[in-house]
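Residue numbers (numbering that gives the first Met the number 0): 0 to 179. Structure record follows, encoded as structure tokens.
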Amino acid sequence: MKGAIFVELVSMAENAFGEDVVDDVLDKADLDNGGAFTTVGNYPCSELVKIVMAFSEHSGISPEVLQRMFGHWMLDHFVENYAEFFEGKTDSFSLLEAVDGEIHVEVKKLYPEAELPVFAAERLSDNHLSLTYSSPRPLVEFCHGMIEASLKRYGETAEIGRCPVAHQENATNFDIRLKR
Numbered sequence: 000m001k002g003a004i005f006v007e008l009v010s011m012a013e014n015a016f017g018e019d020v021v022d023d024v025l026d027k028a029d030l031d032n033g034g035a036f037t038t039v040g041n042y043p044c045s046e047l048v049k050i051v052m053a054f055s056e057h058s059g060i061s062p063e064v065l066q067r068m069f070g071h072w073m074l075d076h077f078v079e080n081y082a083e084f085f086e087g088k089t090d091s092f093s094l095l096e097a098v099d100g101e102i103h104v105e106v107k108k109l110y111p112e113a114e115l116p117v118f119a120a121e122r123l124s125d126n127h128l129s130l131t132y133s134s135p136r137p138l139v140e141f142c143h144g145m146i147e148a149s150l151k152r153y154g155e156t157a158e159i160g161r162c163p164v165a166h167q168e169n170a171t172n173f174d175i176r177l178k179r
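Right, here's the structure in full:
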């Protein structure tokens, strides 16, 4: 995984718990690199999972909730640092539909070696989107948080149903129904 993801996870933790706590938690997490991450580095997802688990143990917040919180954090980071990806997107569905066909195409230009998750979106009606997420990494909750954050960004509320995709690890179908 790209180091920028790790750097942002540590930034979120520092914002939530303070730098001293983050240093202590990372020291105890038994990370291969001791918790030093750079934005240009590449690190195994297992290290990200270790960090989430360590902060879960420290805070009492479940790993699932922490991943969702991180999804919210990352959407804010993307808005701030990659505003061009949000241009012309007037609602959450238009943003979610653009992930694979537009956003990930541009990410691949910048980082050709990146292993990106797949977002297969199908708009079933004006207020109903089916989004199938599949990834080589166990980050379904992170994706759920990004969906919630995109709804929030556009001032929308929705019911979000989930169902794992049969015989595919780390794949989930999200059923998103806007409340109007």
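Glycine residues also receive a C-beta, built at the ideal position from the N, C-alpha and C atoms.
Asked	Found
Can the beta-carbon of L95 be found closer than 8 Å to that of F69?	no
Of all the options P116, E121, R122, G154, which has the alpha carbon lying nearest to the alpha carbon of C142?	P116
Do you know offhand how far V9's Cα is from A97's?	28 Å
Near F84, what residues of its chain come up, given a Cβ to Cβ distance below 6 Å and the 5 sequence neighbours on each side ignored?	I102
Starting from I146, follow the beta strand (DSSP E) in both directions and report where the run begins and ends.	First-last for I146: 139-152, but that is the alpha helix (DSSP H), not the beta strand (DSSP E).
Could you tell me the alpha carbon to alpha carbon distance between D19 and L128, rounded to whole angstroms?	42 Å
Could you round the C-beta distance between M145 and L30 to whole angstroms and report it? I think they count as a contact, below 8 Å.	About 24 Å; that fails the 8 Å criterion.
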